[in-house]
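Please read the structure below before turning to the comments.
Residue numbers (the working numbering): 7 to 627.
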């Protein structure tokens, strides 16, 4: 149910109505002779207007557009009916307590919004650009890719860039949720939103302002508020059916006793008594608690996760990750640091290495970067023309091949069998249809990989394009249940689909552009690391900007905690309302109990939702 009047809720009408209500109750309790009849009626009408006029207006506006069955109409009818039967204090109390609850709910929502927006309110509004030897200040949008920018200590990096200065430290807490500064080496990427610490740094701009890390985060946050969880959508549909049903039952509360009296089945019929019970029934049955607390629960979960550096693209993603029982990891750049080094070269001359490096310059793969760096001191063309990438296999340029042994075999090039037993990443090289040699590289498993797998406490597998012996070694090192190697991007998606057919809910964690199909196939796709490819980020259901794998476990915990609290809210709202509705039909519940069953329960549900934030306080480093 939309609450467009939330933005107009302020404190003074509530204070005025509360003071007048208390004064009226005191005057009535003291049996003051002047405070009765018309005087009492006028007094309570004046007390009613500050808190009730807005709701009455909303009821009329909705009814004029054909929406008669809404919470505003429920509250309006309940308060008018209370005036009709002479229960003036109750008429004011209905609206007063309703508005108090609405104000507190509104403030809770705003708190969640502030917590989410606080992590994206760091978009710098200016950039210091080095032009013609001078530093010029301008808007980030006016800085071109390739230009050099300067960032002083304590300033935020306005654009994604490559570090030109000596190794430097940056505060990454706004992006990753990590409090400790991160050391970044010369030539590495620095994301917009980081804060320079220690010294003045210069960076070469890699992307325009609209494609920076900050802009991506802002886009994700905007998406998050629009994407609803299945539970949210169900509650909204439920409310549309529930509200008119309540109206019908309230009418029956009045009519059924009258009909029973008319046919002689009951001795008497007191219209005022049954009309009062119908009003109480209307107030009790208002679905505020459900309509407010369920979306708020998911929104609070998204906010709490964002403070940990975990961005969910909506309540649906948060809900889905709570039921995951299997996590599949990409290896390179996810479980491993993605920073390769050449360990040895076999059979290749310096000129061969130079040619391979020229080919590898056409791609940004970590293996390619390591080879280019290793062979950088050899004379070689800047790039090799007409280099063709064969996804999952390697590169082809003219009669040169550089990639997996399988690539060479596909071109009928004989490869030594010994390569199959190598404990490392192999780039086999061929030219003119003949095997020339190979480059053996190594990658390092992330320090927290084993901790992350242990903390997840569920079935974990590795899906990698790397050779099976390497994948098996990594799986054993981190404690994963199984590793599958020699996979193409399409093979990874097939493995995910196979696990899903076996009844598993699968989350896939990856960082590269080749992972996009797998991220889309999985029940929950998680793009890992600040350097995740744009396509991976767009396809994923959640994005983790930190380089810490334990954040995967925290993401699952966030989803489970949010779902648990949302379920609690549903049980609380429905259970308490049903109880008080039954009491109301038997005349046990009065209007004050009815108001608490509506506004009070809604408030309790809101407070319960806010407990989700303790999750981020407990895990934030």
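Glycine residues also receive a C-beta, built at the ideal position from the N, C-alpha and C atoms.
A straight line joining the alpha-carbon of residue 319 with that of residue 571 spans about 19 Å. By the beta-carbon neighbour count (other beta carbons within 10 angstroms, threshold 16), residue 271 is exposed.
For residue 512, the uninterrupted beta strand (DSSP E) segment begins and ends at 512-516.
Cβ neighbours of residue 256 within its own chain (closer than 7 Å, five residues either side excluded): 284, 287 and 288.
Excluding five sequence positions before and after residue 214, the CB atoms of its chain that fall closer than 7 Å to its own CB belong to 151, given in chain order. Judged by DSSP in its simplified three-state form, residue 207 adopts strand. If you look at residue 412, you'll find it in the alpha helix (DSSP H) that goes 411-416.
Residue burial is scored here from C-beta neighbours: residue 206 has fewer than 16 other C-beta atoms within 10 angstroms and is therefore classed as exposed.
As DSSP reads the structure, residue 249 sits in no beta bridge. In terms of Cβ geometry, residue 548 and residue 197 do not form a close pair [threshold 7 Å]. Taken atom to atom, the span from the alpha-carbon of residue 607 to that of residue 579 is near 6 Å. Taking residue 471 as the centre and dropping the five residues before and after it, the same chain places the C-beta of 398 and 493 closer than 6 Å to its C-beta, in chain order. Residue 56 is not a Cβ neighbour of residue 95, given a cutoff of 7 Å. Residue 408 and residue 394 do not touch by the CB rule: their CB atoms are close to 11 Å apart, not below 8 Å. Contact between the stretch 343-355 and the stretch 443-457 is present: 3 or more CB-CB pairs across the two stretches fall below 8 Å.
DSSP lists 133 as the beta-bridge partner residues of residue 144.
When DSSP states are grouped into helix, strand and coil, residue 346 belongs to the coil group. Membership of residue 177 in the beta strand (DSSP E) is indicated by the continuous run 174-177. Sixteen is the threshold: when 16 or more other Cβ atoms of the shown chains lie within 10 Å of the Cβ of residue 301, as they do, the residue is buried. For the 7 Å CB-CB criterion, residue 33 and residue 41 form a contact. Residue pairing for residue 90: DSSP places it in no beta bridge. When the beta-carbon positions are compared, residue 400 and residue 413 come within less than 7 Å of each other.
In summary, residue 554 is buried, with 16 or more beta-carbon neighbours lying within 10 Å of its beta-carbon over all protein chains present.
The Cβ atoms of residue 510 and residue 392 lie no closer than 7 Å to each other. Take the alpha-carbon of residue 528 and the one of residue 487: they are about 18 Å apart. Distance from the Cα of residue 266 is smallest, within the candidate group 593, 370 and 280, for 280. Judged by DSSP secondary structure, residue 482 falls within the alpha helix (DSSP H) whose first and last residues are 474-484. Around the C-beta of residue 102, 16 or more other C-beta atoms lie within 10 Å, and the residue is accordingly described as buried. Residue range 394-396 is occupied by the beta strand (DSSP E) that includes residue 394. Excluding its 5 nearest sequence neighbours in each direction, residue 105 has C-beta neighbours in its own chain below 6 Å: 20 and 57, listed in chain order. By the criterion of at least three beta-carbon pairs nearer than 8 Å, the stretch 466-483 is not in contact with the stretch 350-368.
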